[in-house]
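One structure below.
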Amino acid sequence: MNERILAFDVGGTLIKLGVVDSIGTVTHARQVATQASQGGESMLSTLVDIARPLIEQQRLRGIAFSTLGIIEAGSGTVRGAADAISGYLGLSPKRQFESEFELPVVVENDVNCVAVAEGWRGAAQGVANYIALTLGTGIGGGIVINGQLHHGAHAAAGEWGYMIVDGYRWEDVASLRGLANLAAQAGAATDLDARQVFSLSDQGNALYSQVVDRWRKLLAVGMVNLIYAFDPQRIIIGGGITGRGPVFLKELQMELDTLLHPDFKGLTELALAAAGNHAGLLGAARCWFQQNPLRCPYPLAFPN
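Take 10 as the starting number for the sequence shown in my numbering and just add one per residue.
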């Protein structure tokens with residue numbers, strides 16, 4: 010029997026949801042506004058109301074959450090990095106939904122879910138040791154070691170956006186928001202976003218080309234440190250930067266090659282994220298199926 014669960018992907022602006030089966034098919038997909046200003050308790054109550062008819066009509070076997078925030082293992086409690094949703098800190102989607110529906114619930118950090126999805130249905134299939142890097146307003150990450158998601162001692166592994174690179178917090182200068190910050194520092198217009206900075210650089214504007222070059226180097230410096238620390242077979246890069254495509258990967262690889270020690274050159278592959286728009290849902294569902302193996306008839310271990 011191909012089991013199905015309900016998955017949520019909770020972001021600061023939108024919440025995606027869908028029914029996911031044990032081979033990675035997503036149905037009944039939709040999205041709703043997070044309404045973050047109304048608070049975490051109100052948001053979870055709304056999701057309970059949305060979940061009830063789906064669970065009853067579809068005979069679903071469990072519930073999985075991909076969510077922003079640092080998530081406490083076991084209890085599913087949001088214990089940090091949750092400022093985007095008022096009053097979310099300290100709440101446990103797991104506790105509330107298990108009480109409401111008497112079904113097993115798994116809650117995992119959103120970027121960790123993306124990493125898991127890439128190993129299941131994306132650019133890290135067949136890879137046992139990899140890291141996933143997301144570039145957006147910040148820089149998030151997920152770590153997979155020997156086919157298992159690595160959480161760290163306090164469920165905060167992969168929060169490398171806080172690393173110090175060249176005297177700056179890494180995500181302040183190497184995320185897409187960081188690119189706009191660098192442009193402002195260079196005396197460019199202060200109201201430009203990353204897409205506009207890239208566009209001006211592509212048109213040959215010397216100032217913006219210099220800004221992009223500096224941004225790429227700062228990104229590469231942080232990535233080189235991650236390569237030294239984790240020795241991943243592959244780094245999967247996702248987020249808004251994927252629109253730059255293979256050209257971006259080629260330019261970034263050249264930058265890495267200028268910085269890496271010769272012993273490390275050519276060991277780590279770069280790839281753009283490929284799990285798609287449902288990556289959060291897929292990753293959350295995958296975590297659920299891994300933690301409930303007796304309910305799922307399909308092999309769940311990552312291949313070696």
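Even glycine gets a Cβ: it sits at the ideal position worked out from N, Cα and C.
Between the beta-carbon of residue i and the beta-carbon of residue j, is there less than 8 angstroms?
{"i": "residue 85", "j": "residue 102", "result": "yes"}
{"i": "residue 150", "j": "residue 161", "result": "no"}
{"i": "residue 164", "j": "residue 107", "result": "no"}
{"i": "residue 132", "j": "residue 282", "result": "yes"}
{"i": "residue 148", "j": "residue 180", "result": "yes"}
{"i": "residue 287", "j": "residue 41", "result": "no"}
{"i": "residue 230", "j": "residue 266", "result": "no"}
{"i": "residue 146", "j": "residue 120", "result": "no"}
{"i": "residue 100", "j": "residue 65", "result": "no"}
{"i": "residue 185", "j": "residue 250", "result": "yes"}
{"i": "residue 169", "j": "residue 33", "result": "no"}
{"i": "residue 344", "j": "residue 98", "result": "The chain is shown only over 10 to 313; residue 344 falls outside these bounds and no answer can be derived."}
In the DSSP output, what is residue i paired with across the bridge?
{"i": "residue 25", "result": "18, 40"}
{"i": "residue 76", "result": "19, 118"}
{"i": "residue 141", "result": "151, 245"}
{"i": "residue 87", "result": "80"}
{"i": "residue 126", "result": "DSSP, once it has assigned bridges, lists no residue as partnering residue 126."}
{"i": "residue 13", "result": "30"}
{"i": "residue 35", "result": "29"}
{"i": "residue 280", "result": "245"}
How many angstroms separate the CA atom of residue i from the CA atom of residue j?
{"i": "residue 269", "j": "residue 263", "result": "10 angstroms"}
{"i": "residue 67", "j": "residue 116", "result": "21 angstroms"}
{"i": "residue 291", "j": "residue 134", "result": "13 angstroms"}
{"i": "residue 225", "j": "residue 182", "result": "10 angstroms"}
{"i": "residue 122", "j": "residue 96", "result": "23 angstroms"}
{"i": "residue 272", "j": "residue 138", "result": "18 angstroms"}
{"i": "residue 258", "j": "residue 16", "result": "31 angstroms"}
{"i": "residue 313", "j": "residue 242", "result": "Confidence at residue 313 is low in this model, with a pLDDT of 39, below 50, so the placement of that residue should be treated as unreliable; the coordinate-derived value is given next. One C-alpha to the other measures close to 12 angstroms."}
{"i": "residue 285", "j": "residue 214", "result": "33 angstroms"}
{"i": "residue 311", "j": "residue 31", "result": "Here the model assigns residue 311 a pLDDT of 46, short of 50, so the residue's position is not dependable and the matter cannot be decided."}
{"i": "residue 307", "j": "residue 19", "result": "Because the pLDDT at residue 307 is just 46, under 50, the model does not fix this residue reliably, and the value given afterwards should be weighed accordingly. The straight-line gap from Cα to Cα measures roughly 27 angstroms."}
{"i": "residue 94", "j": "residue 55", "result": "14 angstroms"}
{"i": "residue 127", "j": "residue 245", "result": "8 angstroms"}
{"i": "residue 222", "j": "residue 111", "result": "53 angstroms"}
{"i": "residue 217", "j": "residue 256", "result": "17 angstroms"}
{"i": "residue 276", "j": "residue 301", "result": "35 angstroms"}
{"i": "residue 219", "j": "residue 211", "result": "11 angstroms"}
{"i": "residue 136", "j": "residue 196", "result": "43 angstroms"}
{"i": "residue 78", "j": "residue 22", "result": "14 angstroms"}
{"i": "residue 58", "j": "residue 24", "result": "14 angstroms"}
{"i": "residue 52", "j": "residue 105", "result": "12 angstroms"}
{"i": "residue 279", "j": "residue 261", "result": "9 angstroms"}
{"i": "residue 28", "j": "residue 118", "result": "19 angstroms"}
{"i": "residue 274", "j": "residue 237", "result": "11 angstroms"}
{"i": "residue 45", "j": "residue 253", "result": "30 angstroms"}
{"i": "residue 227", "j": "residue 240", "result": "19 angstroms"}
So is residue i in contact with chain B if we call contact Cβ pairs under 8 angstroms?
{"i": "residue 163", "result": "Among the chains in the structure shown there is no chain B, since it carries only a single protein chain."}
Item checked: Given 8 angstroms, three or more beta-carbon pairs between the region 155–168 and the region 189–209 -> no
Next item on the list: Count the C-beta pairs between the region 179–192 and the region 205–222 that are closer than 8 angstroms, then say yes if the count reaches three, no if not.
Entry: yes
Item checked: In chain order, each alpha helix (DSSP H) run of at least 4 residues that lies wholly inside the region 212–278 -> 215–239, 254–268
Check: Hey, which unbroken runs of the beta strand (DSSP E) at 3 residues or more fall wholly within the region 142–210?
Finding: 148–154
Note to self: For the region 58–76 against the region 283–303, do three or more pairs of beta-carbon atoms, one drawn from each stretch, fall closer than 8 angstroms, so that the two count as touching?
What the structure shows: yes
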